[in-house]
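Q: Supplied in structure tokens, the structure appears directly below.
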């Protein structure tokens, strides 16, 4: 009897893993193909999410292999890489006949700021008020406006910017700043006029609809192969990045009821954890440095979406 149980257990252990069904990735790939070519933008995501933790410089062939799996032609990728280099995001290096691309200073600074925003655990605590900055007419007005917009401050009216206790950019340091207090409803109304929250909510709902089938498949025991995992991981962060970098990540007290941002972050974090190990194995096999050696794994990725 015990022998039969042992045999049954052995067969169960040896059973092949369930492949990832096509329907799990279909909405993600359909979304990619339905929009104009964004190869350069996906390259930005690949670097920020996968290459930066391994040092920031990788063989061009690694990127060509990734995009080939996505069905994107080599010439399109090469053109996009040249554009990013010309715009100061990447710098090209040669080792023999092989080309390698590393982050330039502009790219490093931008990626560092974006990384904190994308992989943060939760929005900051609400201080109970909004800070208002009123721009004066003068030679520094445009610089102050640009700095406030870049820092994510909302604008409910021309020349007026608001944020919930955020640091004031240096370029706006001489502008008049006041503190706005009131009940939660009044502050929510001000926030709704300062930021395009309806459009951001719609984008989050689209993200949830697109990636829910993949989450369901993985929860039911499907196992992606390494190529599927790296594709899904990059496109997951690519789509999430596009939304969250436009989201001011306001405290819950300032958001509409049933705000989908928390659900989108929970889904993204869960999928990222599921995809991380098989996608890292793909990088182990394909990400090559200038000496021809595999790029070593970075430990930072293990801390993403964690407190």
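In this note's numbering, the protein residues as written are 1245 to 1551. Note that beta-carbon positions come from the ideal geometry of N, C-alpha and C, so glycine has one too. Predicted, not measured: the structure shown is a model, and the values here were computed from it.
1. Taking the Cβ atom as the reference point for each residue, do residue 1473 and residue 1399 lie within a distance shorter than 8 Å?
2. Does the Cβ of residue 1510 have 16 or more other Cβ atoms within 10 Å, making it buried, or fewer, making it exposed?
3. Going by C-alpha distance, which of 1441, 1481 and 1390 is nearest residue 1402?
4. How big is the Cα-Cα spacing for residue 1393 and residue 1441?
5. Identify every run of the alpha helix (DSSP H) within the segment 1361-1407, keeping only runs that are complete inside it and at least 4 residues long; order them along the chain.
6. Give me the residue from 1371, 1397 and 1339 with the minimum Cα distance to residue 1379.
7. May I have the straight-line CA-CA distance separating residue 1450 from residue 1359, to the nearest angstrom?
8. Just list the residues that DSSP pairs residue 1338 with in beta bridges.
9. What alpha helix (DSSP H) runs, 4 residues minimum, are completely inside the segment 1270-1334?
10. Between residue 1374 and residue 1434, which are expected to be in contact by the criterion C-beta below 8 Å, what is the C-beta distance as a whole number of angstroms?
11. Once DSSP output is grouped into helix, strand and coil, what is the label at residue 1262?
12. Apply the 10 Å Cβ neighbour rule to residue 1491 and answer buried if 16 or more other Cβ atoms are within range, or exposed otherwise.
13. According to DSSP, simplified to helix, strand and coil, what is residue 1471?
14. Using C-beta distances below 7 Å, list every residue in its chain close to residue 1475, excluding the 5 sequence neighbours before and after it, in chain order.
15. Let me check you understand the geometry: is the CB of residue 1535 closer than 7 Å to at least one non-hydrogen atom of the ligand COA?
16. Quick check: the Cα distance between residue 1425 and residue 1330, rounded to an integer number of angstroms?
17. Going by DSSP, name the residue or residues bridged to residue 1421.
18. When we look at the beta-carbon of residue 1297 and count the other beta-carbons within 10 Å, is it buried (16 or more) or exposed?
19. Flag this pair as yes or no: are the beta carbons of residue 1482 and residue 1323 separated by less than 8 Å?
20. With a CB to CB cut of under 8 Å and the five nearest residues on each side skipped, what residues in its chain are close to residue 1454?
21. What is the rounded straight-line gap between the Cα of residue 1372 and the Cα of residue 1382?
22. Following the continuous alpha helix (DSSP H) through residue 1525, name the residue where it begins and the one where it ends.
23. Using the three-state DSSP reduction, which class does residue 1268 fall into: helix, strand or coil?
24. Helix, strand or coil for residue 1466, going by three-state DSSP, please let me know.
25. Per DSSP, which residues does residue 1413 bridge with? Please list them.
A: By the coordinates alone:
1. Taking 8 Å as the cut-off, the Cβ atoms of residue 1473 and residue 1399 do not count as close.
2. An exposed status is given to residue 1510, since fewer than 16 other beta-carbon atoms sit within 10 Å of its beta-carbon.
3. Minimum Cα distance to residue 1402 is reached at 1390.
4. When rounded, the distance between both Cα atoms is 15 Å.
5. Counting only runs of 4 or more, we get 1385-1394.
6. Comparing Cα-Cα distances from residue 1379 to each of 1371, 1397 and 1339, the minimum goes to 1397.
7. For residue 1450 and residue 1359, the distance between alpha carbons rounds to 22 Å.
8. Residue 1338 is bridged by DSSP to 1343.
9. DSSP runs (the alpha helix (DSSP H)) wholly in the segment 1270-1334: 1283-1290, 1304-1313 and 1318-1330.
10. Taking the Cβ atoms as the reference, residue 1374 lies roughly 6 Å from residue 1434, within the contact range of under 8 Å.
11. Residue 1262 sits in a strand when the DSSP states are folded into three classes.
12. Classification for residue 1491: buried.
13. If DSSP states are grouped into helix, strand and coil, residue 1471 belongs with the helices.
14. Close CB contacts of residue 1475 within its chain, under the 7 Å cut and outside five residues either way in sequence, are with 1313 and 1314 (chain order).
15. In the structure on display, the ligand COA does not appear, and there are no ligands present to speak of.
16. Distance between the alpha carbons of residue 1425 and residue 1330: 47 Å.
17. Within the DSSP secondary-structure output, residue 1421 pairs in a beta bridge with 1377.
18. The residue in question, residue 1297, is buried, as its Cβ has 16 or more Cβ neighbours within 10 Å.
19. Contact flag unset, no.
20. Only 1271, 1272, 1275 and 1483 meet the Cβ criterion.
21. If you take the alpha carbons of residue 1372 and residue 1382, they lie about 31 Å apart.
22. Per DSSP, residue 1525 belongs to the alpha helix (DSSP H) from 1505-1530.
23. DSSP places residue 1268 in helix when its eight states are reduced to three.
24. Here residue 1466 sits in strand by DSSP.
25. Residue pairing for residue 1413: DSSP places it in no beta bridge.
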